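Notes follow the structure.
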Amino acid sequence: MASKKHVVCQSCDINCVVEAEVKADGKIQTKSISEPHPTTPPNSICMKSVNADTIRTHKDRVLYPLKNVGSKRGEQRWERISWDQALDEIAEKLKKIIAKYGPESLGVSQTEINQQSEYGTLRRFMNLLGSPNWTAAMYMCIGNTAGVHRVTHGSYSFASFADSNCLLFIGKNLSNHNWVSQFNDLKAALKRGCKLIVLDPRRTKVAEMADIWLPLRYGTDAALFLGMINVIINEQLYDKEFVENWCVGFEELKERVQEYPLDKVAEITGCDAGEIRKAAVMFATESPASIPWAVSTDMQKNSCSAIRAQCILRAIVGSFVNGAEILGAPHSDLVPISKIQMHEALPEEKKKLQLGTETYPFLTYTGMSALEEPSERVYGVKYFHNMGAFMANPTALFTAMATEKPYPVKAFFALASNALMGYANQQNALKGLMNQDLVVCYDQFMTPTAQLADYVLPGDHWLERPVVQPNWEGIPFGNTSQQVVEPAGEAKDEYYFIRELAVRMGLEEHFPWKDRLELINYRISPTGMEWEEYQKQYTYMSKLPDYFGPEGVGVATPSGKVELYSSVFEKLGYDPLPYYHEPLQTEISDPELAKEYPLILFAGLREDSNFQSCYHQPGILRDAEPDPVALLHPKTAQSLGLPSGEWIWVETTHGRLKLLLKHDGAQPEGTIRIPHGRWCPEQEGGPETGFSGAMLHNDAMVLSDDDWNLDPEQGLPNLRGGILAKAYKC
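Below, the structure is given as structure tokens:
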């Protein structure tokens, strides 16, 4: 008789809880949960989750360890080998590289938020080995938001839809197939009368649901937020008690926002000054108010200031004390991830070698060091692993791989990370990968990154593993995900790979858990339960610190309060207050260049059937979005002589890519949308096809990571803030 399991879906990054059932024919049916759940509303399942088993059983899935026996990197000559052979050879080669170049010569890219069950053991391995050079695409997607949250109010902040009377959405095109659980939360909030403010250049479905829609110019978010803060402060709409008792730097902030009167902000953003004021008043008076996370703000030239301004908006209207925003913490009933990671094992001299420390230190060990004492004071852990922390800068990492400066990086591991496509300046990432002595990929498919590897190791699927979430600190709940079936072929969980390699590298004593189940039981050991009992319940809520009560512990910042004026940024030599600076490559800052590149480019706008560079394999999901599409307003396309349905080149000063043009009335005139993560898995691999089209269709081909295009505090590229581009027929 078939039995249902509750499973945390990993088809994207919203982590909906769904039900899974193995049918008589062996196929797995996934559907929305039938019981009430505190983190997933009813009917929260999308096409990616419904079709999860078609991906799990896809004919192109990598099911056995593979070794590239070609004579040069990228040559597609694959030989099936055993796990033992692969691990033995990887360990032998890694030892030789470390002996020659030092342990810092190992670089790793990991999609940590979408891996579910290694629980910090990869960082443990690296820290014990002596390499600080771990990075992730989270560096420029939610991880950097978490980093800015930390320096402002100590921890990542979650919006509580159920407790909010006003929601401020930023560039979120939610739908029944895109972050569906949050879309359902939004619809439920609006049904009970919650107000909605939407900031988005496009008139999306969510924008059409809004009480106020502000169609701001791409990349001007920081200016708009500063204008809203100006209104809230000058019209005395802020929470005076909270600001007085729990904030520092208010007077300095008040002085700064006088530089952003509404007429100036309207000129910068292209929004009506009266509408900006209405939005500010609504956000301040329709309390409680919250701002759900949005990736758009993460990827701009003024990213750090825009995120800081969001934090300030939440704070000055009292969102942290009226239930609208929840400050996370290490889960009260789980062993902290940071304890498993063992950051204290990495010598200080190695931490100082972390790539990016000299140029963009904020998210590195150096930048995060100011938060060690506050984190220990509030959370009892010195190295609070709140997503964006202790990370090597991706640009610095790939540059070191390519040029061997400031020192050589000669071994690279990609764990569930299509690293070639996942960062800006794909050309440099390719150079870096080509210059390695050892490349190892742990993945489910032969991605463009895997095509450049020496070894490809088969990863398990989320229907094939037991899980206790979260895999990083700061979520106020812990979800359980039951294993539905055994891994296909010889696919293994990531902990198996990490531990077996650690054993071969002489680190066995530090990995006492023989398998993932032992590791899970260690993680949940504070509860007194083991997995067999623990997994029966869907969710375990965490007890959060009393931050702001009469006996409150305060937040994990150096002052113990919300730092409107950041002592951490001041210490690092950055502006301690948010600001808006016009990016260096716009029609305003460089009108001459705009004559040659007349379009404003935007990378993103999620598609329903895929996630990042996943699910492009031939099949039902690919059929829904078969081609990489560029969007132009019909009037803009007509002025350029570009009919819909034809292939075009989209070019920036950095590079170009080939896309299928579609006319779209929702796209603002004079702008062009390009997709992220597109490649053609049906094509042969290798350099002859541009690694299955990755070098032809992926957005990172046109996105620079030169200093002019980087956020100055975080060192992350401007992907969604608008840069100059042109489009022409192929």
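Here the sequence shown is numbered in full-length UniProt numbering, starting from 1 and rising by one per residue. Don't be surprised by glycine CBs; every beta carbon is placed ideally from N, CA and C. Since this is a predicted model, take the numbers as computed values, not measurements.
Rounded separation between residue i and residue j - CA only
{"i": "A189", "j": "C730", "result": "46 Å"}
{"i": "H510", "j": "W647", "result": "54 Å"}
{"i": "E404", "j": "F497", "result": "27 Å"}
{"i": "L167", "j": "M228", "result": "14 Å"}
{"i": "P576", "j": "L371", "result": "16 Å"}
{"i": "R673", "j": "F602", "result": "5 Å"}
{"i": "L353", "j": "P347", "result": "10 Å"}
{"i": "C680", "j": "F611", "result": "14 Å"}
{"i": "T39", "j": "K240", "result": "32 Å"}
{"i": "V295", "j": "D211", "result": "22 Å"}
{"i": "A624", "j": "G489", "result": "28 Å"}
{"i": "I291", "j": "P487", "result": "39 Å"}
{"i": "N178", "j": "S613", "result": "15 Å"}
{"i": "A52", "j": "S11", "result": "7 Å"}
{"i": "I524", "j": "S338", "result": "15 Å"}
{"i": "N176", "j": "Y538", "result": "23 Å"}
Contact under 8 Å by Cβ, residue i with residue j
{"i": "K172", "j": "V151", "result": "no"}
{"i": "G323", "j": "F158", "result": "no"}
{"i": "A424", "j": "D705", "result": "yes"}
{"i": "S514", "j": "Y597", "result": "Residue identity check: residue 514 is Lys in the sequence provided, not Ser. The answer is no: Cβ separation not under 8 Å."}
{"i": "G422", "j": "A694", "result": "no"}
{"i": "A309", "j": "A222", "result": "yes"}
{"i": "P406", "j": "A400", "result": "yes"}
{"i": "H331", "j": "S542", "result": "yes"}
{"i": "V148", "j": "F169", "result": "no"}
{"i": "A402", "j": "K382", "result": "no"}
{"i": "Y580", "j": "L226", "result": "yes"}
{"i": "G270", "j": "R217", "result": "yes"}
{"i": "L438", "j": "L128", "result": "no"}
{"i": "P476", "j": "L544", "result": "yes"}
{"i": "F283", "j": "V243", "result": "no"}
{"i": "H663", "j": "A630", "result": "no"}
{"i": "P448", "j": "N418", "result": "yes"}
Reduced DSSP category for residue i - H, G, I as helix; E, B as strand; rest coil
{"i": "I588", "result": "coil"}
{"i": "Y534", "result": "helix"}
{"i": "C271", "result": "coil"}
{"i": "M434", "result": "helix"}
{"i": "residue 749", "result": "Given a span of 1 to 730 for the chain in the structure shown, any question on residue 749 remains unanswerable."}
{"i": "Q426", "result": "helix"}
{"i": "V568", "result": "helix"}
{"i": "Y728", "result": "strand"}
{"i": "Q341", "result": "helix"}
{"i": "F169", "result": "strand"}
{"i": "Q76", "result": "coil"}
{"i": "A392", "result": "coil"}
{"i": "V243", "result": "helix"}
{"i": "W708", "result": "helix"}
{"i": "I81", "result": "coil"}
{"i": "D443", "result": "strand"}
{"i": "A453", "result": "coil"}
{"i": "S175", "result": "strand"}
Same chain, Cβ closer than 7 Å to residue i, neighbours up to 5 away in sequence not counted
{"i": "G686", "result": "G74, E75, Q76 and Q451"}
{"i": "D88", "result": "R504"}
{"i": "W293", "result": "I142 and T145"}
{"i": "K351", "result": "P132 and Y365"}
{"i": "K187", "result": "none"}
{"i": "E713", "result": "C304, F362, F569 and Y574"}
Spatial neighbours of residue i in its chain, beta-carbon cut-off 6 Å, leaving aside the 5 residues before and after
{"i": "R56", "result": "H461 and L463"}
{"i": "Y101", "result": "P408 and K410"}
{"i": "M1", "result": "With a pLDDT of only 39 at M1, under 50, the local geometry of the prediction cannot be trusted, and the value read off the model is given with reservation. The answer is none, since no qualifying residue turns up."}
{"i": "L696", "result": "K658 and G690"}
{"i": "T364", "result": "Q354, G356 and T357"}
{"i": "Y260", "result": "L226, G227 and N230"}
{"i": "V108", "result": "W134 and F413"}
{"i": "L237", "result": "A284"}
Chain C contact for residue i (CB, 8 Å cutoff)
{"i": "Y580", "result": "Checking the listed chains, one finds no chain C in this structure; it contains a single protein chain."}
Contact set for residue i: own chain, Cβ-Cβ below 8 Å, skip 5 residues either direction
{"i": "K635", "result": "E669"}
{"i": "T586", "result": "G219, A594, I600, G722, I723 and L724"}
Where are the alpha helix (DSSP H) runs, 4 residues long or more, that stay fully inside the stretch 109-140, in chain order? Counting only runs of 4 or more residues that sit fully inside the stretch 109-140, the alpha helix (DSSP H) segments are 121-129, in chain order.
List in chain order: all unbroken beta strand (DSSP E) runs of 3+ residues lying wholly within the stretch 250-336. 325-327
Taking only runs of the alpha helix (DSSP H) that begin and end inside the stretch 493-525, which ones reach a length of at least 4 residues, in chain order? 494-504 and 516-523
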